[in-house]
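Worksheet: the structure to be examined is printed underneath.
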Amino acid sequence: MGVRGLQGFVGSSCPHICTVVNFKDLAEQHRSRHPGGTPTIVVDAMCCLRYWYTPDSWICGGQWREYFSALREFVKTFTAVGIKLIFFFDGMVEQNKRDEWVKRRLKNNREIARIFHYIKSNKEQPGRNMFFIPSGLAVFTRFALKTLGQETRCSLQEADYEVASYGLQNDCLGILGEDTDYLIYDTCPYFSISELCLDSLDTVMLCREKLCQSLGLGLSDLPLLACLLGNDVIPEGMFESFRYKCLSSYTSVRENFDKKGNIILAVADHIAKVRRLHQGEKKLEEILPLGTNKALFYKGVASYLLPGQRSPWFFQKPEGVITLDKPVVSMISGPESHWEVPMCTDPESKQEVPMCTDPESGRDVPVCTDPESGRDVPMYTDPESRQDVPVCTDPESGQDVPVCTDPESGQDVPVCTDPESGRDVPVCTDPESGRDVPVCTDPESGRDVPVCTDPASGRDVPMCTDPESGQDVPMCTDPESGRDVPVCTDPESGQEISLSSDPEFKQEVPMCMRSESKQKLPVGTNPEFNPEAPMFTNPEIKQEDTINTGPEMKQQVTMVSDPEILQVARAHHVQAESYLVYNILSSGEVECSNSLEDELDQALPSQAFVYRPVRQRVYSLLLGGGGGDTSACPTVKEWFVYSGNPLRHPDLVRPLQMNIPGGTPSLKLLWLSQEPGVQARRLDTLLACFDLSSSREELQAVGSPFEALCCLLIYLFVQVDTLCLEDLHAFIAQALCLQGKPTVQLVDLELDHVDPRAVQLGSLLVRGLTTLVLVNSACGFPWKTADFMPWNLFDGKLFHQKYLQSEKGCTVEVLVEQNRSRLTKFQALKSAVCRACVKENRPISSRRHWRPHHSGRWGRQESSSHRTSSGHSRSGQGQHWRDQGPGKRSGVCLTPALDIGCVFT
1 MGVRGLQGFV GSSCPHICTV VNFKDLAEQH RSRHPGGTPT IVVDAMCCLR
51 YWYTPDSWIC GGQWREYFSA LREFVKTFTA VGIKLIFFFD GMVEQNKRDE
101 WVKRRLKNNR EIARIFHYIK SNKEQPGRNM FFIPSGLAVF TRFALKTLGQ
151 ETRCSLQEAD YEVASYGLQN DCLGILGEDT DYLIYDTCPY FSISELCLDS
201 LDTVMLCREK LCQSLGLGLS DLPLLACLLG NDVIPEGMFE SFRYKCLSSY
251 TSVRENFDKK GNIILAVADH IAKVRRLHQG EKKLEEILPL GTNKALFYKG
301 VASYLLPGQR SPWFFQKPEG VITLDKPVVS MISGPESHWE VPMCTDPESK
351 QEVPMCTDPE SGRDVPVCTD PESGRDVPMY TDPESRQDVP VCTDPESGQD
401 VPVCTDPESG QDVPVCTDPE SGRDVPVCTD PESGRDVPVC TDPESGRDVP
451 VCTDPASGRD VPMCTDPESG QDVPMCTDPE SGRDVPVCTD PESGQEISLS
501 SDPEFKQEVP MCMRSESKQK LPVGTNPEFN PEAPMFTNPE IKQEDTINTG
551 PEMKQQVTMV SDPEILQVAR AHHVQAESYL VYNILSSGEV ECSNSLEDEL
601 DQALPSQAFV YRPVRQRVYS LLLGGGGGDT SACPTVKEWF VYSGNPLRHP
651 DLVRPLQMNI PGGTPSLKLL WLSQEPGVQA RRLDTLLACF DLSSSREELQ
701 AVGSPFEALC CLLIYLFVQV DTLCLEDLHA FIAQALCLQG KPTVQLVDLE
751 LDHVDPRAVQ LGSLLVRGLT TLVLVNSACG FPWKTADFMP WNLFDGKLFH
801 QKYLQSEKGC TVEVLVEQNR SRLTKFQALK SAVCRACVKE NRPISSRRHW
851 RPHHSGRWGR QESSSHRTSS GHSRSGQGQH WRDQGPGKRS GVCLTPALDI
901 GCVFT
């Protein structure tokens, strides 16, 4: 995370950059400088998760009650000294950081494999040195903080940029996190969360000004240094040879510094030398082995520039196209450089493009680089397509006209916009009239020929010059010869008719179209003329030849066309009230990090497969436009971690049709309507996402706060055929016993040993709760969010204890700790789940009733498919998890009878 090697360099080589400060003192100083203002700290929450998770146990699925208490104490401590906290969470992974995201996930896979190996060998939790945060921690931390009354935000891009930008624009006290990128951003002070002592509110401030003094650089040079060292955008190996070249020529190598420290000093020294020279940026460009990585390099540097900030490291005319995706207002040189390149943001692509000054209007206009000449040419925005197109100056009128590149000559030719089609077409100057007329390329001769617009069809047709009159006349293609032939207008009908050369007299004869047979007949021919005659019939045109645009073809189309729906989804996303909904609607791309899953246990499926059918129905709800038709729905890109997935490409997952009583409601109805009865429609939709519409009666009988838990358990036991009655007992017993236990009692709970299967079951259930967050927000919040927050329903150690007791064959009375009230509730919940599963032809049996040869896989007989009450395979409503393995990734999942709905790349 952050800049490669910088954290170690600061800690070991430049300790004076780190200063111990006290937040209470800083807050008082801030109030004295800003009377009436509230000292505010912007918290990068993703950096703080490890610090906040203080419970000793982390392997069993999470100690959520303890965690919630730790968050409450954290907030209370800052509130007591008058400091306001604003928490930012990552809302999505930027494309230029996807490779780094994948790299970390694959590393996490190896860490998880070592954790399970340790558990199997030692039957206990590994030490803190192997700590892995519980599944769903980031998602549920948002809701915990909101429950505690804190302002919580979810980013629309990488959170560190929004954190730095908010801190700068709102004159905040500082940023609290653990990311060396905050040493690079020119923003408010940066404080370390790992060094925070909550009792005293002492921590370490990392001073970027002192860092600059140590390196002999200015603040505006730090983004360049970060990219040359490597960060989340620029791979570390991209400039490895350059760094060693700097080190070999560095004359001030310090023996007390390690190799990485000297490399940082050498690169900084090189930057400082170049900066002292006029136009030094060009020399740096010539030295750097950018090649095809130039755009990525400029993007990396610009990613640190906050709104209104500028960089001296963008030379006036860099080769290649600069594409930036940060909302940077402009980037120009500092006082040392005489060059400047203003930048503007393309409102469509959100990318930064360089600008130049139009000598006619004196205004700045965007430019692009001509790939042929390497020169920068100005662009203007086409009002029809809203795309930027290059322009040139018409020598006659002196006005700018758009241009395109002739693929034959490679030269730029002017274009005009066809008012009918809205497309740009090349033009040439008519020597007679001096006007520009549109042209097309004759495929036979390769020459440009003028065109005119056919008023009937609205299409462009080529023209030729009549040698008799000297006038341009339109032409059409003779389907027999493939040649263009002139046409004339029939004065009687007003229709255009082609002229065919009579071989007898070598004269052009008008032709007409027979409407019934689509045949062209000479003018004056009897309409009853032999319809079988093959005269000018175009055999290529068939009425049934229509283009079938399936879901894959529409992947480039905007995911949602209703701006009101997108605005509502965006608001819920930014306010951290939903999960993944806005990502699906805006980009059609979602991701889920690692879970504690044993890759060697083939009996338990990955959560990515278990909950995929639910997600597929959510995709149908969000992208189907109402009505439940999935044929036109685009596919969704899923970056989900599971065993055997190398994450080279996303899984392309098709939406799955939903079965909702009364049809699929629109998002406007679910999200915006206040009509009576709409809450019932929301609940119907939620249950349909889990394909549990038939279980509504059983769930309503359970009621709050266990309705959501039972919904999840029914789905799990129907979907996963290796779950047994003992597992159900453990899940229900821990939820009931949790209600009456104080946090301190949960802290003191001790386990006989740790079971690897129970570890994965705990993680599977928590991922189910995050899926409930997605479904509930997509359906308009039919259930209260608190009803499926883990601190109200699940405790890892408590579940593990109940699992071990159930495995030993303990009675239900023991599981509920001899509490009569809990026993009654236990029987009610168990009955509801079992009845609902029987409706789906999935009776839940004890593991003791399974045949011996299934014990190794925890499998049941007839596990290949599940049957509904009507006898249809549940696999028809979504692929069974056994058929979703990594072996199905290469190409299309060809199982038509199952309607899998997933295509892999």
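Numbering follows full-length UniProt numbering, with no gaps: position 307 of the sequence shown is 307. For each residue, glycine too, the CB sits at the ideal point set by N, CA and C.
Rounded distance between the beta-carbons of residue j and residue i, thought under 8 Å
{"i": "Ile193", "j": "Cys48", "result": "5 Å"}
{"i": "residue 921", "j": "Leu306", "result": "Residue 921 is absent from the structure shown; the chain starts at 1 and stops at 905."}
{"i": "Pro665", "j": "Ser693", "result": "Not really, about 14 Å apart at Cβ, beyond 8 Å."}
{"i": "Phe794", "j": "Ala733", "result": "In fact, because the Cβ distance is near 12 Å, the residues do not count as touching under 8 Å."}
{"i": "Leu596", "j": "Phe132", "result": "7 Å"}
{"i": "Ala576", "j": "Phe89", "result": "6 Å"}
{"i": "Gly796", "j": "Ser57", "result": "6 Å"}
Proximal residues to residue i (C-beta, below 6 Å), its chain only, five neighbours per side dropped
{"i": "Trp222", "result": "The question names Trp, but residue 222 is Leu in the sequence shown. Excluding residues within five positions, the ones whose Cβ falls inside 6 Å are Ile184."}
{"i": "residue 907", "result": "A question about residue 907 goes unanswered here, because the residues of the chain that appear run from 1 up to 905."}
{"i": "Trp791", "result": "Trp64, Arg65 and Phe68"}
{"i": "Asp99", "result": "none"}
{"i": "Ile263", "result": "Arg243 and Leu247"}
{"i": "Ala266", "result": "Cys246, Leu247 and Tyr250"}
Coil, strand or helix - residue i by DSSP
{"i": "Asp787", "result": "helix"}
{"i": "Arg65", "result": "helix"}
{"i": "Glu591", "result": "strand"}
{"i": "Ser13", "result": "coil"}
{"i": "Gly216", "result": "coil"}
{"i": "Lys637", "result": "strand"}
{"i": "Leu699", "result": "helix"}
{"i": "Asp795", "result": "coil"}
{"i": "Phe731", "result": "helix"}
{"i": "Ser21", "result": "Looking at the sequence provided, one finds Val at residue 21 rather than Ser. If DSSP states are grouped into helix, strand and coil, Val21 belongs with the strands."}
{"i": "Glu178", "result": "coil"}
{"i": "Cys154", "result": "strand"}
Cβ neighbour criterion (16 or more within 10 Å) applied to residue i
{"i": "Val759", "result": "buried"}
{"i": "Glu726", "result": "buried"}
{"i": "Ser12", "result": "exposed"}
{"i": "Asp748", "result": "exposed"}
{"i": "His270", "result": "buried"}
{"i": "Ala778", "result": "buried"}
{"i": "Ala80", "result": "exposed"}
{"i": "His753", "result": "exposed"}
{"i": "Val20", "result": "exposed"}
{"i": "Glu73", "result": "exposed"}
{"i": "Thr546", "result": "With a pLDDT of only 26 at Thr546, under 50, the local geometry of the prediction cannot be trusted, and the value read off the model is given with reservation. When all chains shown are included, Thr546 counts as exposed."}
{"i": "His573", "result": "buried"}
{"i": "residue 932", "result": "Since the first residue of the chain shown is 1 and the last is 905, residue 932 is not available in this structure."}
{"i": "Ser763", "result": "buried"}
{"i": "His649", "result": "exposed"}
{"i": "Ser831", "result": "exposed"}
Neighbourhood of residue i by C-beta distance below 8 Å, restricted to the same chain and skipping five residues each side
{"i": "Pro886", "result": "Legend: pLDDT at Pro886 = 44, less than 50; position of this residue unreliable, value from coordinates given subsequently. Closer than 8 Å at the Cβ level, and outside the excluded window around Pro886, lie Tyr642, Ser643, Gly644 and Asn645."}
{"i": "Val10", "result": "Ile17, Cys18, Thr180, Leu183, Leu206 and Leu211"}
{"i": "Arg4", "result": "Leu229, Gly230, Asn231 and Glu236"}
{"i": "Pro756", "result": "Phe116, Ile119, Lys120, Asp598 and Asp601"}
Residues of its chain near residue i, where Cβ-Cβ distance is below 7 Å and the 5 sequence neighbours each way are ignored
{"i": "Glu807", "result": "Glu726"}
{"i": "Ala113", "result": "Glu599"}
{"i": "Cys227", "result": "Ile234, Phe297, Gly300 and Val301"}
{"i": "Tyr715", "result": "Phe690 and Leu692"}
{"i": "Arg847", "result": "Cys724 and Glu726"}
{"i": "Arg570", "result": "Tyr582"}
{"i": "Lys24", "result": "Val81 and Leu201"}
{"i": "Val75", "result": "Leu85, Leu148 and Gln150"}
Cβ-heavy atom distance, residue i to the ligand FAD, below 7 Å
{"i": "Pro705", "result": "By its list of ligands, the structure shown contains no ligand whatsoever, and the ligand FAD lies outside what it can speak to."}
Cβ of residue i within 8 Å of any chain B Cβ
{"i": "Leu224", "result": "This model lacks chain B altogether; it includes just one protein chain."}
Within 8 Å, strictly: CB atoms of residue i and residue j
{"i": "Tyr53", "j": "Leu137", "result": "yes"}
{"i": "Val838", "j": "His729", "result": "no"}
{"i": "Leu215", "j": "Leu145", "result": "no"}
{"i": "Arg585", "j": "Leu621", "result": "Reading off the sequence shown, one finds Leu at residue 585, where the question assumed Arg. Against a cut-off of 8 Å, the Cβ pair of Leu621 and Leu585 comes out as no contact."}
{"i": "residue 916", "j": "Leu647", "result": "Outside the shown range of the chain, which is 1 to 905, sits residue 916, and nothing can be said about it."}
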